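First the structure, in the form of structure tokens, and then the observations on it.
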Amino acid sequence: QKEVEQNSGPLSVPEGAIASLNCTYSDRGSQSFFWYRQYSGKSPELIMFIYSNGDKEDGRFTAQLNKASQYVSLLIRDSQPSDSATYLCAVMSGQNFVFGPGTRLSVLP
Amino acid sequence: GAVVSQHPSRVICKSGTSVKIECRSLDFQATTMFWYRQFPKQSLMLMATSNEGSKATYEQGVEKDKFLINHASLTLSTLTVTSAHPEDSSFYICSATLGGSNSPLHFGNGTRLTVT
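These protein sequences, in sequence, are chains W and G.
Numbering of the first sequence is given in the working numbering, commencing with residue 1 and proceeding in unit increments.
Numbering of the second sequence is given in the working numbering, commencing with residue 1001 and proceeding in unit increments.
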């Protein structure tokens, strides 16, 4: 069964620090990788996607992909209390989207 | 672009009644839509994949006769929870993709269903 794994957290970081969120996946043939943010009681919203090995930066967010290690991460620089949410890693495996369980991030003021 | 609209956002119904949830792709055509359910503090769970013009594909353990899905047009999919029971109370979220191998899922705002 194709799986996506994340630490459930909570991951607590002080305001202004870098938050690092990690995700591993089992299907070596996966090609597309996505990070979603979900606030409590809300639906997920897309933050970033990455398809190629290496880093992709968008504002305070950087996604990193290492297909050889089957690992994708999300870095949030200058973390703000408003970044406190659950972050979902999603992997497109064939035509299917497989979601990880999410990591709960808490940014402490 | 890629806006998905879901209605209603909240619904309270009595046990035994049926509830219909609508999911619309506003600015694109979606041949495939996905329905998820999420219980408090738990992960997203895929319920079914809705295909325009054909029968939905249900995940294992999801009762197709209880959760009726209709995808009659390229911009509208509906989920009907029939004979709702309190254990059906959950957060139901639809999503759609523009298609193509690298297109992300775009989610509706979700529907909070409470069955009393």
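Even for Gly, the Cβ is constructed at its ideal location relative to N, Cα and C.
The structure displayed is predicted, hence computed values, not measured ones.
Contact of W/Gly54 with chain G by beta-carbon distance below 7 Å is absent, the smallest such distance being about 16 Å. Annotated three-state conformation of W/Ser20 is strand, per DSSP. In this structure, W/Arg37 keeps its C-beta atom at 8 Å or more from the C-beta atom of W/Arg60. Per DSSP, the unbroken beta strand (DSSP E) holding W/Gly54 starts and ends at 54-58. Under the DSSP definition of a beta bridge, W/Thr86 partners with W/Gln38, W/Arg104.
Counting the other CB atoms within 10 Å of its CB gives G/Ser1095 a total of 16 or more, which places it among the buried residues. G/Pro1086 sits in a helix when the DSSP states are folded into three classes. For W/Pro101, at least one C-beta of chain G is nearer than 8 Å to its own C-beta. Contact annotation, W/Ala85 with W/Tyr25: C-beta distance approximately 21 Å; criterion of less than 8 Å not satisfied.
When Cβ-Cβ separations below 8 Å define contact, W/Tyr51 makes contact with chain G. Between W/Trp35 and W/Leu74 the beta-carbon gap is near 5 Å, inside 8 Å, which marks them as a contact. By the neighbour-count criterion, in which a residue is buried when 16 or more other Cβ atoms sit within 10 angstroms of its Cβ, W/Gln6 is buried. Residue environment for G/His1007: exposed (fewer than 16 other C-beta atoms within 10 angstroms of its C-beta).
Under the three-state reduction of DSSP, W/Pro14 is assigned to strand. Cβ contact annotation for W/Asn96 (same chain, cutoff 8 Å, sequence separation greater than five): Lys2, in chain order. By the 16-neighbour rule on beta-carbons within 10 angstroms, G/Asp1088 is buried. Closest option to G/Ser1073, judged by alpha-carbon separation, among G/Ile1093, G/Phe1067, G/Gly1099, G/Arg1024: G/Arg1024. In this structure, G/Thr1031 is the residue among G/Gly1108, G/Leu1026, G/Thr1031 with its C-alpha nearest to the C-alpha of G/Ser1054. In this structure, G/Thr1057 sits away from G/Leu1068, with a CB-CB distance that is not shorter than 8 Å.
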